[in-house]
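Numbering (the numbering used here), first residue to last: 592 to 975.
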Amino acid sequence: MRLAKFTITAVILGSSSLLGVPAASALDHVVLRRDGKQIEVAGKLLVAAQDGGLLLMARDGVLWAVTPDELVSKSSDAAPFEPLGAKELGAKILADLPAGFDCYETAHYLIVYNTSRGYAQWCGSLFERLYMAFTNHWTRKGFELSEPEFPLVALVFADRRSYADYARPEIGDNAGSIIGYFSLASNRMAMYDLTGTQALNRTTDRNSAAEINRILAQPAAERIVATIVHEATHQIAFNCGLHTRYSDCPLWFSEGIAVYFETPDLGSSRGWRSIGTVNTTRLAQFRQSLRSRPSDSLVTLIRDDERLRKSGETLDAYAEAWALTYFLIRQYPRQYLAYLKTLSEKTPLIWDEPETRIREFKAAFGEDLHALDAEFLRYMGKVR
Ligand SMILES: [Zn+2]
């Protein structure tokens, strides 16, 4: 998941002004000027900041954060806000892409692809299976999820180069090394065909699910597929009410969940047996990091996002986020659920202070972080 904290400053906003901005049913029209171009967006106003900045959700699910100096005009009419359906959304996305792309729809997903249809179908069924497993998991735990407001879009490019060209404006030069990502701004995933066989039989669909599974179930492909599953987990979590886009959900928490779900299960056709099992890659990393783990590691992990963003520390921080999630879900399920509820209700564009993060964590898991940390390490010491 790529999160850029963006540039509306001095957002001072109570819940009343968030809920009080034009009635939920109205359609808001915003004209803005960006990069020398005038852009018109129709959608739902989510936040109106005191400094004049806006956060608008367009009918295609894209979030527009508009700074006061970009804003040209704003109006609203009585037409209800209606998200685009899969057909309209597909047409809109295709219009912005080079020729050669097509759409494949499943119950919840819209796969926009220029690789083989077989690969698009394989992605659709992988994501649907994950979706089902994810929603079952949280529903069983007592968290009430919502249906996604928009079709869940995955752009699947035939090759790595064209994917990187698409991704570069959004994620910069990392595009060359990142296998796929979920964008909070566009609400879409972007990735490329991992089988490397896209040149074969584009029109005859000889890329059967069984063939693709055979290629991607090799041990060497496990981490690559895990990345896609990880990003797909983010997308589901942000679209089913577990998190709110552009809200200040602690990164260790959203990443911990994505890592908790990322282990692929290509073997089954319906379920997803690997959810909640030990993520052996992350466990090994966690074990290794223990050799030099500072005594305040738990506090630095939960108080802000720094360790998960800092190059050189990322892998250890992700491993610890996984381990903490694994421990809390198993040992403190009721408390974890309460904490999840608190975080899921966060308002977009309100950034918490580190003290707030620690206070909310303690409110769920108790005041004594030192004791919790000792228990955490003891518990993880026994995990195999
Ligand atoms: Zn992630």
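Note that CB positions come from ideal geometry on N, CA and C, so glycine has one too.
Cβ neighbours of V890 within its own chain (closer than 8 Å, five residues either side excluded): I949 and L960.
Taking the C-beta atoms as reference points, L721 is found no nearer than 8 Å to T818. By alpha-carbon distance to W913, the top candidate from W713, I893 and Q809 is I893. In the three-state DSSP reduction, H620 falls in the strand class (E or B). Take T697, set aside five residues on each side of it, and the residues of its chain with a beta-carbon closer than 8 Å to its own are G715, S716, F718 and E719, in chain order. When secondary structure is reduced to three states using DSSP, C714 falls in the helix class. Of the residues assessed, S859 falls on the exposed side of the cut-off, its CB having fewer than 16 other CB atoms within 10 angstroms. Taking each of D668, F748 and F734 in turn and checking the Cα distance to S707, the smallest one comes out for F748. For R900, the enclosing alpha helix (DSSP H) starts and ends at E897 to R900.
Boundaries of the alpha helix (DSSP H) around S753: R751 to I762. With contacts defined as CB atoms closer than 8 Å, L928 and K732 qualify as a contacting pair. Taking 7 Å as the cut-off, one finds at least one heavy atom of ligand 1 near enough to the beta carbon of E846. Ranked by Cα distance from P945, the options K953, P939 and T938 are led by K953.
Listed as beta-bridge partners of Y700 by DSSP are L743. In the three-state reduction of the DSSP assignment, W655 falls in the strand class, which pools E and B.
With fewer than 16 other Cβ atoms inside 10 Å of its own Cβ, D887 counts as exposed. Put simply, the backbone Cα of D693 is about 13 Å away from that of E679. At least one heavy atom of ligand 1 sits closer than 7 Å to the Cβ of A849. Between ligand 1 and the CB of H825, the shortest heavy atom gap is smaller than 7 Å. A direct Cα-Cα distance of roughly 13 Å separates T933 from R925. Excluding its 5 nearest sequence neighbours in each direction, R624 has C-beta neighbours in its own chain below 7 Å: E661 and V663, listed in chain order. Between F734 and A724, the alpha-carbon positions lie close to 14 Å from each other. Excluding five sequence positions before and after D907, the CB atoms of its chain that fall closer than 7 Å to its own CB belong to Q876 and S880, given in chain order.
Each residue's CA atom was taken as its position, placing T872 and A640 some 43 Å apart. Considering only K635, A656, A633 and G652, the residue with the shortest C-alpha distance to L940 is A656. Remark: three or more beta-carbon pairs, one from each stretch, lie closer than 8 Å, so the region 801 to 820 and the region 767 to 787 are flagged as touching. Using a Cβ-Cβ distance cut-off of 8 Å, the region 801 to 817 and the region 845 to 863 are in contact, since at least three pairs of beta carbons, one from each stretch, lie closer than that value. Below 8 Å, too few C-beta pairs join the region 834 to 844 and the region 748 to 765 to call them touching: fewer than three. For R925, the enclosing alpha helix (DSSP H) begins and ends at P924 to S935. Within the region 872 to 913, no beta strand (DSSP E) run of at least 3 residues lies entirely inside it. In this structure, the alpha-carbon of L915 lies about 14 Å from that of A955.
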